[in-house]
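Worksheet: the structure to be examined is printed underneath.
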Amino acid sequence: MQPVPTPEKYAPRDPGHGTLPIRLFGAEAAAAGVRIIEIPMPGPHADCASLRPILLAVCPAIAGLLPGCRFAVNHEFVEDRHPVKPGDEVALIGRVSGG
Amino acid sequence: MPLPWPAAGDGPGGYGALVTFDGIVRPIEEGRSIAGLQYEAYRPMADRMLLKIAGQAMEQFSLVDIEVDHSIGWVGTGECSFRLRIAAMHRKEALAATDWFIDRLKLDVPIWKAGQTPMTP
Chain W
1 MQPVPTPEKY APRDPGHGTL PIRLFGAEAA AAGVRIIEIP MPGPHADCAS LRPILLAVCP
61 AIAGLLPGCR FAVNHEFVED RHPVKPGDEV ALIGRVSGG
Chain G
1 MPLPWPAAGD GPGGYGALVT FDGIVRPIEE GRSIAGLQYE AYRPMADRML LKIAGQAMEQ
61 FSLVDIEVDH SIGWVGTGEC SFRLRIAAMH RKEALAATDW FIDRLKLDVP IWKAGQTPMT
121 P
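As they're listed, the protein sequences go chains W and G.
First residue of the first sequence? That's 1 in the working numbering, and the numbers climb one at a time after it.
First residue of the second sequence? That's 1 in the working numbering, and the numbers climb one at a time after it.
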C-alpha cells in the first residue's frame, strides 16, 4: 500500500453551513486519497450511525471498507449510537495493523 | 525509527519472570519482498489505547510491571518495530499476558503499516 498523497482534505459538494471533519487512516485514507473528509454536520441530535450514509455520499471510494470500520470520538472507540456534536474529533478506524 | 536494544539490567525488581517480546519486520509481507515497513499512527488515541490495554493486563494477570514501545515511521527488515516487556511473579502469567496484550494491540490500537518494496521510494 502506497503512502496517501495530498490533498489533506476532501471538500463536500455542498459545503453549506457547518461541517464535521472525519479523520481517515490506513486503507480508508488510501482509498479516499485524503486524510480528512469534511461532511455536512448532520444535525443537533446526530449519532455516529448517521455519519455513515453521509460519508458514503461524499466519498463513495470507501464504500467497500465502511462496514468494517468503527468510529472514534475524542480518541475513544464508540458505538454507532454515540452522539456527535460540533467540536468533537471524529475518526473512522478500519482494520489496524500494528504490532 | 527502529527501537534500540534494551540495556542489561533494565526493569523493576521483585519479579520471577521477565518476558521481552520484540516484533521484528520480516523481509516478506503479503507474499512480496519488502525493504521495510512504514508505520503511521493516530497518535493521541494510540497512546491512550496502549495505556488502557497495559492497565487491563496489569490487573487481569497480576503483573509486576509492563512496558511497551511501538515505532512510528520507517523500520527496515530485520529491525525492531515493537517491544513489549512484562514482569510477573511467575512465567505462566507473564507468557499469558504477552499473548493477550499482542492480540488486543492488533485489534484495537490505531497503528497501521504499509510495506514498501526495495524499489519503492
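Using N, Cα and C, we set each Cβ at its ideal position, and we do this for glycine too.
Quiz item: Quick one: what does DSSP say Ile53/G is sitting in, helix, strand or coil?
Solution: helix
Quiz item: Does Glu67/G come within less than 8 Å of chain W when only Cβ atoms are used?
Solution: no
Quiz item: Got a sec: is the Cβ-Cβ distance from Tyr42/G to anything in chain W below 8 Å?
Solution: yes
Quiz item: Of the choices Gly14/G, Glu29/G, Ile24/G, whose alpha-carbon is the least far from that of Ala114/G?
Solution: Glu29/G
Exercise. Compute the Euclidean distance between the alpha carbons of Gln38/G and Val34/W, then round it to the nearest angstrom.
Key: 17 Å
Quiz prompt | 4 or more residues per run - each alpha helix (DSSP H) lying fully within the region 12-56 of chain W | solution = 26-32
Quiz item: Just curious, the alpha helix (DSSP H) that Asp99/G is in, first and last residue?
Solution: 91-108
Self-check item: Cβ pair count under 8 Å reaching 3, the region 21-37 of chain W against the region 39-59 of chain G
Solution: yes
Quiz item: Who does Arg85/G pair with in a DSSP beta bridge?
Solution: Thr20/G, Glu67/G
Practice problem: Hey, could you find the ends of the beta strand (DSSP E) Gly76/G is sitting in? | Solution: 73-76
Quiz item: Does any C-beta atom of chain G lie closer than 8 Å to the C-beta of Val96/W?
Solution: yes
Self-check item: Status (buried if at least 16 other CB within 10 Å, exposed otherwise) for Arg85/G
Solution: buried
Practice problem: Take every Cβ of the region 52-66 of chain G, pair it with every Cβ of the region 84-94 of chain W, and state whether three or more of those distances are shorter than 8 Å. | Solution: no
Exercise. Identify, in the order they occur along the chain, each residue of the same chain with its Cβ nearer than 8 Å to the Cβ of Val96/W, setting aside the five sequence neighbours on each side.
Key: Gly26
Exercise. Establish whether the CB of Gly36/G and some CB of chain W are separated by less than 8 Å.
Key: no
Exercise. Give the DSSP-derived three-state secondary structure of Ala46/G in the structure shown.
Key: helix
Quiz item: According to the Cβ coordinates, are Leu65/W and Gly98/W closer than 8 Å?
Solution: no
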